[in-house]
Amino acid sequence: MPPDAPEHFFVAGGLMFAALVGLLAAAVARRLHDRGFSGYWGLMPLPFVAYCSSMMLLLNSQFETGQPDMRLVFSISASFLLYSAALIWLVVLLARRSALGPNRFG
Numbered sequence: 887m888p889p890d891a892p893e894h895f896f897v898a899g900g901l902m903f904a905a906l907v908g909l910l911a912a913a914v915a916r917r918l919h920d921r922g923f924s925g926y927w928g929l930m931p932l933p934f935v936a937y938c939s940s941m942m943l944l945l946n947s948q949f950e951t952g953q954p955d956m957r958l959v960f961s962i963s964a965s966f967l968l969y970s971a972a973l974i975w976l977v978v979l980l981a982r983r984s985a986l987g988p989n990r991f992g
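Counting from 887, one number per residue, gives the positions in the sequence shown under the numbering used here.
Quick look at the structure:
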């Protein structure tokens with residue numbers, strides 16, 4: 887097995903994940919348009935994911951020094967709860983009936 891094989895595996899996995907996210911985003915946008923909502927409603931959970939991800943990197947570096955800031959832990963927890971609420975609301979929007987008749991998206 888060549889030494890760069892694991893690197894190629896992760897690159898291929900990352901490309902497949904990006905394609906999956908793109909296809910899922912297109913499906914969510916179409917479904918939201920079918921309901922009469924803008925596709926931007928599908929972006930509701932993203933700010934919370936971005937915050938949690940960036941703060942987890944910071945928290946990881948704090949754990950390496952042995953002095954984690956507990957306010958940061960609670961902040962990440964609160965952001966995760968808001969992410970969960972936004973995701974549940976998005977699922978509710980996607981699961982409800984389509985809008986009857988034409989809407990502004992066709």
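Just so you know, even glycine gets a beta-carbon here, dropped at the ideal spot from N, CA and C. Small disclaimer: the values here were computed from a predicted structure and weren't measured.
Exercise. Can residue 962 and residue 941 be called in contact, C-beta distance under 9 Å?
Worked result: yes
Problem set entry | residue 924 versus residue 976 - alpha carbon distance | 12 Å
For this session: Go through its chain and collect everything with a Cβ distance to residue 969's Cβ below 8 Å, but skip five positions before and after it.
Result: 931, 934, 935 and 938
Exercise. Between the C-alpha atoms of residue 915 and residue 901, what's the straight-line distance to the nearest angstrom?
Worked result: 21 Å
Exercise. According to the neighbour-count rule (16 or more other Cβ atoms, all chains shown, within 10 Å of its Cβ), is residue 928 buried or exposed?
Worked result: buried
Problem set entry | alpha helix (DSSP H) runs wholly inside the segment 897 to 963, at least 4 long, in chain order | 932 to 951
Exercise. Among 904, 926, 892 and 956, which one has its Cα closest to the Cα of residue 980?
Worked result: 926
For this session: Use the C-beta contact count for residue 918: other C-beta atoms within 10 angstroms, 16 or more gives buried, fewer gives exposed.
Result: buried
Exercise. When DSSP labels each residue in this structure, what does residue 986 get in the three-state scheme?
Worked result: coil
Problem set entry | Distance between residue 891 and residue 898 (C-alpha atoms, nearest Å) | 11 Å
Exercise. Leaving out five residues before and five after residue 912 in sequence, what residues of the same chain have Cβ atoms less than 6 Å from its Cβ?
Worked result: none
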